[in-house]
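Here's the structure, in structure tokens; my notes come after.
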Amino acid sequence: MKTMTALVTILTLAAVPALADEIWVTNEKDDTVSVIDIETLEVIKTYPTGERPRGITFSKDFSHLYICASDSDAVQVMDPETGEILHDLPSGEDPEQFVLHPDDVHLYIANEDDAITTVVDTRSRKVVAQIDVGVEPEGMAVSPDGKIAITTSETTNMAHWIDTETQQLFANTLVDSRPRHAEFIKDGAEMWVSSEIGGTITVFDTATQTEKAKIAFEVKGVHPDRVQPVGFEFTAGDSHAYVALGPSNHVAVVNADTYEVEDYILVGRRVWHMEFNRDRSRLFTTNGVSGDVTVIDVANREAIKSIKVGRFPWGAAFRPTE
Amino acid sequence: MTGHLTALRAIILREALRFVHQRERFVAALVRPLVWLLVFAAGFRAALGVSIIPPYQTYITYETYIVPGLCGMIMLFNGMQSSLSLVYDRETGSMKLLLTSPLPRWWLLFSKLVGSTAISILQVYAFLAIAGAFGITPPWKGYLTLFPALVVVGLMLGALGLVLSSFIKQLENFAGVMNFVIFPMFFLSSALYPLWKMAESSELLYTICALNPFTHAVELLRFALYGQFNAAALGWTLLATVVFTCGAIYGYDPARGLKGRKG
């Protein structure tokens, strides 16, 4: 009887297809999102979006996908189960990058052409605030406690610190040329900003908004002009940062405590943003020019596969499926 | 049958002895590919990555790309070296002694082939160990799956060496082998550059490369090193082995080959 039960259990388990987690990637030139199955490392679905999709993020419960459709001047909300666009959110002109507030309601959107940051309530679908920032805002971050939002402006070369209660700027700090991406780490104690042309990452002490460290990069055999830090993400426990270095086709591994660069990993052409899987053992980088996503084995710090997606993949977001 | 095995053992032992006694030869066989790997590839360094081609799953450095080609190079030079040693044997008279054995000639040639292939394989693994020390490592199982491919490629290039040795009358002519066989075979192959790159510059050169059995030998090694099987490359390599072996048997046939020409 026991054998019979075991057999039935095995058969039942075999009949249910294993649900694998997914990585969703926006393809800037194809106006689509590609869905990569993390188990098989293959593209399993492609959905059409608005024009020039760039920033991409999920709601907390992963039931909604937000996409910055830059040339459609809208943030689109997609049902990830069906790929259907449910509605657009008012976003201001040319939304490039955004961040979802920990309250799961407010989206902070960088409007590249208008030099403003727009705050949208995703439930009422209304603009709550528009904050004047520097020229060509792009990088967006919100502190884990939700009290501070950051916008970086590409041309003004500043990180703008926004008090999310008053929706007012309370500090502006200079960074190196063309800041692209910002992230809070260590429970919000530090805020990192990458500067594409400056070729550096500036680390700020959040409490004082002062510069704490600066990280420079050097890829052997690659001209320094091509070493352009853009997107970055942190491993489990915030011990290391993985930094996309644009047209140098490398991702740098930075020790987040010593700020030393420990490794460089070869990936596809013009690596831009990235996203981890559930346990942060694998990292998926979007490579714009080669139109693929490179998968990095984090433990061994090596690229294991590059997966073709659409043209000019830009942003990436993780979605669990169970 | 015992006689066959005795001959096989004797010939392999002789190859092994010759190899052990010529330490310089072992070092030279390793230095050549290492110079390519550590000097040429460094100068040619594709820091931005070589495009993805099978069997690779992602972007690779140029150093990683040329390793299978350099394994092929070791085997190519070794095949030619054994051809050179046959010419030497002929000049010193020890070949006459070997060929007067009552065993079939093809068996003697086969034994010679096995001997030189075994030496080549040893050299390839020594090279891979050094390349590994410089951080160029294929997946672990690749070292195992490479073995059968090395046997096939070693036999193919050894057979080519035998054919050549049957046509070369004097040691001095060996320089011609370098110029007309080794270099064209090596450079007109996928050992140093992917064939699509060759196709971009010249369709004719690409066609020659695609027909070159050494290209298929290198691709067989490349796929095997990454635990994959390339049926087309194996087919072409086996075909070339059969053709070269027939050529060698013909070349060493006293009625038609050597004797005929000598007469």
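Protein sequences appear in the order of chains A and B.
Take the first sequence: its letter number 162 is residue 162 in full-length UniProt numbering, and every next letter is one higher.
Take the second sequence: its letter number 156 is residue 156 in full-length UniProt numbering, and every next letter is one higher.
Using N, Cα and C, we set each Cβ at its ideal position, and we do this for glycine too.
Residue i by DSSP, collapsed to three states: which one?
i: A/G139; result: strand
i: B/Q22; result: coil
i: A/R280; result: coil
i: A/F312; result: coil
i: B/G72; result: helix
i: B/R90; result: helix
i: B/E8; result: Contrary to the premise, residue 8 of chain B reads as Leu rather than Glu in this sequence. If DSSP states are grouped into helix, strand and coil, B/L8 belongs with the helices.
i: A/T286; result: strand
i: B/Q228; result: coil
i: A/D225; result: helix
i: B/R14; result: helix
i: B/G142; result: helix
i: A/P320; result: coil
i: A/D94; result: coil
i: B/E203; result: helix
i: B/G132; result: helix
i: A/A14; result: Note that A/A14 has pLDDT 46, beneath the 50 cutoff, so the model's placement of it is unreliable and the number below is only indicative. Of the three classes helix, strand and coil, the one that applies to A/A14 here is helix, per DSSP.
i: A/E51; result: coil
i: B/G247; result: helix
i: B/N173; result: helix
i: B/T2; result: helix
i: A/T206; result: coil
i: A/S177; result: coil
Judging by CA-CA distance, which residue of the options is the nearest neighbour of residue i?
i: B/S189; options: B/N212, B/P33, B/W236; result: B/N212
i: A/E211; options: A/K186, A/V203, A/V119; result: A/V203
i: B/F147; options: B/W106, B/T100, B/L220; result: B/L220
i: B/L84; options: B/I52, B/S101, B/R25, B/V67; result: B/R25
i: A/I85; options: A/V120, A/C68, A/G198, A/E233; result: A/C68
i: A/E322; options: A/T235, A/I38, A/S34, A/K29; result: A/I38
i: A/R269; options: B/S51, B/G3, B/P68, B/F19; result: B/S51
i: A/S143; options: A/E112, A/E183, A/I109, A/F217; result: A/E183
i: B/T237; options: B/M156, B/L17, B/F127; result: B/M156
i: A/N287; options: A/D187, A/P137, A/E190, A/V230; result: A/V230
i: A/V271; options: A/I131, A/T122, A/F312, A/P90; result: A/F312
i: B/V124; options: B/N78, B/V35, B/T207; result: B/N78
i: A/V285; options: A/H273, A/R278, A/Y47, A/E28; result: For the record, residue 285 of chain A in the displayed sequence is Thr; it is not Val. Nearest C-alpha to A/T285: A/H273.
i: A/G201; options: A/A207, A/A213, A/Q209; result: It is Ile, not Gly, that sits at residue 201 of chain A in the sequence shown. Of A/A207, A/A213, A/Q209, the residue nearest in Cα terms is A/A213.
i: A/P90; options: A/Y259, A/A74, A/V99; result: A/A74
i: A/A110; options: A/H87, A/S124, A/P102, A/E138; result: A/E138
With a threshold of 8 Å between beta carbons, is residue i in contact with chain A?
i: B/T58; result: yes
i: B/L162; result: no
i: B/G142; result: no
i: B/G93; result: no
i: B/V145; result: Strictly speaking, residue 145 of chain B in this sequence is Thr, with Val absent from that position. Chain A, which has no Cβ nearer than 8 Å to the Cβ of B/T145, makes this no.
i: B/G235; result: no
i: B/L225; result: no
i: B/G251; result: no
i: B/L48; result: yes
i: B/T61; result: yes
i: B/I136; result: no
i: B/V52; result: Sequence check: residue 52 of chain B is Ile here, not Val. With 8 Å as the cut-off, B/I52 counts as an interface residue toward chain A.
i: B/K262; result: Low local confidence applies: a pLDDT of 44 at B/K262 is under 50, so the model's placement there is unreliable, with the coordinate-based value given in what follows. It does not: the Cβ of B/K262 has no partner Cβ on chain A nearer than 8 Å.
Step through the CB atoms of chain B and report whether any lies within less than 8 Å of the CB of residue i.
i: A/I44; result: no
i: A/L11; result: Unreliable positioning characterises A/L11 in this predicted model, as indicated by a pLDDT of 46, which lies under 50. A coordinate reading is not provided.
i: A/V8; result: Because A/V8 carries a pLDDT of 48, less than 50, the predicted location of this residue cannot be relied on, and no value is offered for it.
i: A/A18; result: Annotation note: pLDDT 49 at A/A18 (below 50); position unreliable, no value reported.
i: A/I148; result: no
i: A/I38; result: no
i: A/T166; result: no
i: A/A299; result: no
i: A/N27; result: no
i: A/V222; result: yes
i: A/S306; result: yes
i: A/L266; result: yes
i: A/T294; result: yes
Assuming residue i and residue j make a contact with CB atoms under 8 Å, what is their CB distance in whole Å?
i: A/L266; j: B/Y59; result: 5 Å
i: A/H250; j: A/V219; result: 5 Å
In chain C, what lies closer than 9 Å to residue i by C-beta?
i: A/N249; result: Within the model displayed, chain C is absent; protein chains A and B are what it includes.
Say yes only if the C-beta of residue i is nearer than 7 Å to one or more non-hydrogen atoms of the ligand FAD, and no if none qualify.
i: B/T6; result: This structure lacks the ligand FAD; in fact it carries no ligand of any kind.
Quiz item: Does the segment 193-204 of chain B come close enough to the segment 110-128 of chain B that 3 or more CB-CB pairs lie under 8 Å?
Solution: no
Quiz item: Are three or more beta carbon pairs between the segment 60-67 of chain A and the segment 80-99 of chain A nearer than 8 Å?
Solution: Of all C-beta pairs linking the segment 60-67 of chain A to the segment 80-99 of chain A, three or more are shorter than 8 Å, placing the two stretches in contact.
Quiz item: For the segment 57-75 of chain B against the segment 83-99 of chain B, are there 3 or more C-beta pairs whose distance is under 8 Å?
Solution: no
Quiz prompt | Sufficient close CB pairs (3 or more, under 8 Å) joining the segment 151-160 of chain A to the segment 223-234 of chain A | solution = They do not touch, by the three-pair rule.
Self-check item: the segment 4-15 of chain B in contact with the segment 303-321 of chain A per 3-pair CB rule at 8 Å
Solution: No, because fewer than three Cβ pairs between the segment 4-15 of chain B and the segment 303-321 of chain A fall closer than 8 Å, the two stretches do not touch.
Quiz item: When the Cβ atoms of the segment 222-240 of chain B are set against those of the segment 133-152 of chain B, are three or more pairs found closer than 8 Å?
Solution: Yes, the segment 222-240 of chain B is in contact with the segment 133-152 of chain B.
Quiz item: Below 8 Å, can you find three or more Cβ-Cβ pairs linking the segment 171-179 of chain B to the segment 125-143 of chain B?
Solution: Under the Cβ criterion (8 Å, minimum of three pairs), the segment 171-179 of chain B does not count as touching the segment 125-143 of chain B.
Exercise. Examine the Cβ distances between the segment 129-139 of chain A and the segment 148-158 of chain A and report whether three or more of them are shorter than 8 Å.
Key: Cβ pair count under 8 Å is three or more, so yes.
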